[in-house]
Amino acid sequence: MSMNKAQLVTWLGKLNDVYAEKKEYLTELDAAIGDADHGINMNRGFGKVMEKLPTVEDKDIGTILKTVGMTLMSSVGGASGPLYGTFWMKGGMLLAGKDELAADDFVQFIEAGVGGILQRGRPELGDKTMYDLWAPVLEAMKDEAGNASEVIAVVDAALPVAEKALADTIPLQAKKGRASYLGERSIGHQDPGATSSYYMIETLRDVLAG
Amino acid sequence: MSMNKAQLVTWLGKLNDVYAEKKEYLTELDAAIGDADHGINMNRGFGKVMEKLPTVEDKDIGTILKTVGMTLMSSVGGASGPLYGTFWMKGGMLLAGKDELAADDFVQFIEAGVGGILQRGRPELGDKTMYDLWAPVLEAMKDEAGNASEVIAVVDAALPVAEKALADTIPLQAKKGRASYLGERSIGHQDPGATSSYYMIETLRDVLAG
Amino acid sequence: MKKLINAVEDVVKEQLEGMALAHPELKVNYEPYYMCRADAPVKGKVAVISGGGSGHEPMHGGFVGKGMLDGACPGEVFTSPTPDQMYECAKAVDSGAGVLFIVKNYTGDVMNFEAAAELVAGEGVKVQNILIDDDVAVKDSLYTAGRRGVGTTVLAEKVVGAAAEEGYDLEQCADLCRKVNQYGRSFGVALTSCTVPAAGKPTFELGEDEVEMGIGIHGEPGTHRMPIKSVDEMTQYAAEQIIDDPAYSRTVREWDGEQWADKELTDEPFAKGDKVIAFVNSMGGTPVSELYAVYRKLDEVCRAKGLTIVRNLVGPYITSLEMQGFSITLLKADDEILKLWDAPASTPGFVR
Amino acid sequence: MKKLINAVEDVVKEQLEGMALAHPELKVNYEPYYMCRADAPVKGKVAVISGGGSGHEPMHGGFVGKGMLDGACPGEVFTSPTPDQMYECAKAVDSGAGVLFIVKNYTGDVMNFEAAAELVAGEGVKVQNILIDDDVAVKDSLYTAGRRGVGTTVLAEKVVGAAAEEGYDLEQCADLCRKVNQYGRSFGVALTSCTVPAAGKPTFELGEDEVEMGIGIHGEPGTHRMPIKSVDEMTQYAAEQIIDDPAYSRTVREWDGEQWADKELTDEPFAKGDKVIAFVNSMGGTPVSELYAVYRKLDEVCRAKGLTIVRNLVGPYITSLEMQGFSITLLKADDEILKLWDAPASTPGFVR
Ligand SMILES: Nc1ncnc2c1ncn2[C@@H]1O[C@H](COP(=O)(O)OP(=O)(O)O)[C@@H](O)[C@H]1O
Ligand SMILES: Nc1ncnc2c1ncn2[C@@H]1O[C@H](COP(=O)(O)OP(=O)(O)O)[C@@H](O)[C@H]1O
Ligand SMILES: [Mg+2]
Ligand SMILES: [Mg+2]
Ligand SMILES: [Mg+2]
Ligand SMILES: [Mg+2]
């Protein structure tokens, strides 16, 4: 089964709920190694997405994704704003005109999005950023999509990888973003951006599972 | 017996000790209804008096008193600086050329000094200031001097009056100086300036008693 | 006590040394303390001098320079300076046109400046003492030492300084200063206490959720304490204390050239249609960003009351060490005051 | 949390409204947030824009005006602004001579300004992004996001703003800004933490006797904590971190008109005989009086190291909300920089 527009809209709505619920938690993660705003930023951003969504709900998936990206870009701020903004916008540019996504389309969206993160933030593997989650997730998705699988299978395959990648950010020393100023003191904390990225995958899995 | 120059010098030296010892206490009294500096001010002032004293010790009593007044005037600051400065200076102007003070001279010194306080601060009886101590003290001294008494008797007569007048400042509401801003909240506290004035009389008594 | 200081007894001296190093256009004298324009005396110009306890910086030392003060006399922290300071300062800056002392109405300041005026007059120098007593938190003058001198002092130093620069003579400067004082009213709010270095601990204790209303500038308690409210509510309260303040009468003592003479003064209340200069001041620890939230509401309250803010000043100008809090000053501005307010000034703490 | 605020979500908006009311010479836009000179675009003049999280006031909004910035883009408190702000601001102030973005080196600011530059360039407007990365507390650039942009930003806005006013073209402005950044170094010390309104509690806990050394400007912890020392000791430490800092190399990304290009930059260390502009800054809650104690010692250390302070700036210019503490910035001053430093400026937060 492919992923349709209704599912995309549900995903965004649930993400908004999740970031509202996890606002404090994400902010606490960011307080430990950053500046205590990541939860506030994500919550503000997806709140804005909810405001914009009704105006594009009946448009194609590409338009919706682009709108999400532009909205995040102009409301989240900080490091995660341009990263997530670019992530969704790149997907939107790629999927212009589509009303549903096959597994291949979906993986291309993620690949384009991760490419956007790379271009904007120039993270390297092990820098303790959201990229440390997206890189293995993208690999897992590609592998699964290679089996001519469905979107839900692709996400299913990615979820345990994401879970592990998230935990794997804990022992890392940050080398990008604000957390890098802490040097060795950044070790032992889970990366906030990787955590908010993890919720994207986990929430999508819930939506697709129905 | 009259009061001689050596006794005056001893008095000043002992006053310096007293204000050093009572620095915190006077400051606490001032913290309650003023700005927490009276002890610091008096201590600084008499410290300066000690520095200046050697240069005038062999001069006449008038010169010594004037020097004390000018030194306090230019080192104490706040309200008490000009008040005590004037107090001692007025005495000094009156007693120019003298090397010892008969009871009459002494009472004239105090009378001139209190006149200086009145002129500078324009306190009224019951305003909760040092004047509430000096006014009855001056009366008691005059009465005793009227009996053709000695300086020590004059001071002896004044001491219990001073003690009572000091305690009597407690229930008063301040109407002059910083404490007046507290309105009714100034009631129940002993006036710092009256307290430092009380030490002048008490210390002189000790000196004269030998 | 967390402060950028060395030994407590050197605080004032070392801060003056820092000012002297940073501002060669000032002359700093250490025995006794005063600072003055390095180019003083300025020929033919009335010399304007102020002073008071330290701890209110940039006032007064930071306002020494062309267009404001000729000299300033700093006392120990929160303790008024002594007459010898004003005397020496006056001698250093008097050009023959006389000296105006701007004195904040605190018993200590008043008496020390009076003693100074007598000394200065004794040397044949023309001198005038004008009081600033603008703090509406003090209601009566019969049972207190009268209203304290607070925010209006800064505005008076600007306006009278400009007048002296323009050639006003001593009497004109004194009249103008008296008018500015009578046209200005202030009210202050403390969010935190402050610590006098020599004392080592905060002057008063304030709960985590409390503010002190109607404070002066020496960390003294105010008229009352209340739970912290929104900036809108606190601003409205402060602004109304000022704007609704009725006529205020008291007796002041001024030097008439020969001796001290009592003078009855009555400040008229603000009236609908008045133009005002609005001054929102930080007590030292409140950042300028928060002052703009005060200004926002103040503007609204003024409009509602029929006052028009025609100029403003927002920042830390008359402070109480590191105290958090703010004060509001409104000064009725006639054409003379406005023109002088707009005149150039070049000092460490105020540039126009 | 004791602050002069209403609802936490309105803090930035209401402070901007206050600024707009107090400074009619600025235009404040709310959707999205930016402020610019009311007389922008200024014909033929390069437009200088900066921006960053709020909470550092008067920087940047307080530096908008003749001789400094054409526009400023405030983000939420301590959160970098978003590209649409810079885009709209640039469109409002560009006169055709192009736009210079002065960007403090924080990942968020860098990425948002890069996105903005792409948008602006996409409209055919000439644009340049120049980074400020002057905080010597960050030692290496290989294992971190590189040195943070702190005090030198203020000096760059003054100097480059003056250059733009004098007719420098975009490339000259960019070259000058890069030079100022390379000539400037800073170090900061916190005595207390600060509270982001939306967070409601202090960002870090600091003991009654502790200070945090090597801080940035967002309440982030520094390089290390130590017991509070005398102002002389803390100043000496900070000054030596700056003056003894060796050559510093890193790669920056600049827009070459078509695309992003990496550039290797090396800042040379200070050398005996250098003239410097010394900037002693309050983090917001430290009063100016204490800054002069810092300045006093800084002057001594500079002399001992063979540097001559030829100009100075002392006050709260780049703050972290109500944090107590200070930072020192030294900027090597050649004739070009000095001339532009001395040029007039007329903004809410800086007047010459
Ligand atoms: N250069 C970078 N590349 C990729 N991700 C980054 C980079 N820098 C920071 N991040 C991510 O951004 C997150 C922080 O986001 P946020 O707190 O919203 O922004 P800021 O750090 O500006 O306050 C980090 O946890 C990290 O995952
Ligand atoms: N107008 C006045 N007349 C007489 N004594 C006064 C007057 N005002 C204040 N005092 C005295 O001065 C004392 C306070 O002195 P001090 O604390 O040194 O000065 P300040 O109040 O300026 O800090 C008061 O306790 C009171 O006795
Ligand atoms: Mg963050
Ligand atoms: Mg006192
Ligand atoms: Mg005092
Ligand atoms: Mg942030």
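In order, the protein sequences belong to chains A, B, C and D. Quick note on numbering: this note's numbering labels position 208 of the first sequence as 217, and the sequence is numbered without any gaps. Quick note on numbering: this note's numbering labels position 66 of the second sequence as 75, and the sequence is numbered without any gaps. Quick note on numbering: this note's numbering labels position 164 of the third sequence as 255, and the sequence is numbered without any gaps. Quick note on numbering: this note's numbering labels position 19 of the fourth sequence as 110, and the sequence is numbered without any gaps. C-beta atoms are modelled at their ideal positions from N, C-alpha and C, and glycine is treated no differently.
Residues that residue i contacts on chain C, provided the C-beta gap is smaller than 7 Å
i               : result
Y386 of chain D : G109, L112, A113
K94 of chain D  : E381
8 Å Cβ shell around residue i - same chain, five flanking residues per side excluded
i               : result
V287 of chain D : G146, V168, F169, T294, G310, L412
E296 of chain D : S284
V322 of chain C : E381, A384, V385, K388
D141 of chain A : P132, L134, G135, A174, D177, T178, L181, D200, A203
K23 of chain A  : T212, D215, V216
Residues that residue i contacts on chain D, provided the C-beta gap is smaller than 7 Å
i               : result
A88 of chain A  : T198, G199, M202
L282 of chain C : K93
Beta-carbon spacing of residue i, residue j below 8 Å
i               : j               : result
D161 of chain C : P123 of chain C : no
A183 of chain D : A131 of chain D : yes
G252 of chain D : G109 of chain D : no
K292 of chain C : M414 of chain C : no
F370 of chain C : V245 of chain C : yes
A207 of chain C : M177 of chain C : yes
A183 of chain B : P145 of chain B : no
V405 of chain D : V367 of chain D : no
L92 of chain A  : M317 of chain D : no
G143 of chain D : D231 of chain D : no
G71 of chain A  : G94 of chain A  : no
V18 of chain B  : E66 of chain B  : yes
I223 of chain D : A247 of chain D : yes
8 Å Cβ cut-off: residues of chain B touching residue i
i               : result
Y234 of chain C : Q182, K184, S189, G192
Chain D residues whose Cβ lies nearer than 8 Å to that of residue i
i               : result
I222 of chain A : Residue 222 of chain A falls outside the range modelled here, since chain A spans only 10 to 219, and no answer is possible.
L92 of chain A  : M202
I319 of chain C : K93
G130 of chain A : T198, M202
Interface residues of chain D facing residue i [CB-CB closer than 9 Å]
i              : result
I49 of chain A : E167, T170, V287, A289, A290
Neighbour list for residue i in chain A, Cβ cutoff strictly below 9 Å
i               : result
T294 of chain D : A40, D44, A45
Contacts around residue i, its chain only, beta-carbon distance under 7 Å, and the 5 residues preceding and following it disregarded
i               : result
R165 of chain A : Inspection of the sequence shows that residue 165 of chain A is occupied by Asp rather than by Arg. Contacts found: R214.
G56 of chain A  : N25
W143 of chain A : V123, I126, S206
Own chain partners of residue i with C-beta closer than 6 Å, once the 5 adjacent residues on each side are dropped
i               : result
D226 of chain D : R238, R239, V241, S277
A254 of chain D : C264, L267, L431
G88 of chain C  : Here chain C covers residues 92 to 443 and nothing more, so residue 88 of chain C does not appear.
A88 of chain B  : G186
Extent of the continuous beta strand (DSSP E) run through residue i
i               : result
A163 of chain C : 162–168
P288 of chain C : Here P288 of chain C belongs to no beta strand (DSSP E), and DSSP marks it neither H nor E.
T420 of chain D : 416–423
K195 of chain C : 190–195
Interface residues of chain C facing residue i [CB-CB closer than 9 Å]
i               : result
G158 of chain D : The premise fails here: G158 of chain D is roughly 12 Å from chain C at the closest Cβ pair, so nothing lies under 9 Å.
M82 of chain B  : T173, P174, D175, N203, A206
Under 8 Å from the C-beta of residue i: neighbouring residues of chain A
i               : result
V229 of chain D : Y190
G307 of chain D : Y190
Chain-ordered chain B contacts of residue i [CB-CB under 9 Å]
i               : result
P337 of chain C : Those do not exist, as P337 of chain C stays about 19 Å from chain B at its closest Cβ, beyond 9 Å.
Where the alpha helix (DSSP H) containing residue i begins and where it ends
i               : result
T342 of chain C : From DSSP, T342 of chain C is part of no alpha helix (DSSP H) but of the beta strand (DSSP E) over 339–346.
I119 of chain B : 112–130
L429 of chain D : 426–432
D152 of chain B : 140–155
Per-residue contacts from residue i into chain C (C-beta, under 8 Å)
i               : result
R128 of chain D : In chain order: nothing, as chain C lies at least about 18 Å away.
Residue i: CB within 7 Å of a non-hydrogen atom of ligand 7
i              : result
S89 of chain A : Ligand 7 is absent from the structure shown, which contains only ligand 1, ligand 2, ligand 3, ligand 4, ligand 5 and ligand 6.
Subject >> Contact set between the stretch 410–440 of chain D and chain E, restricted to residues whose Cβ is under 8 Å from the partner >> reply: Here chain E cannot be found, since the structure's protein chains are A, B, C and D.
Original post:
Which residues have their C-beta within less than 5 Å of a heavy atom of ligand 6, listed in chain order?
Top reply: A:D44, A:D46, A:G87, D:T170
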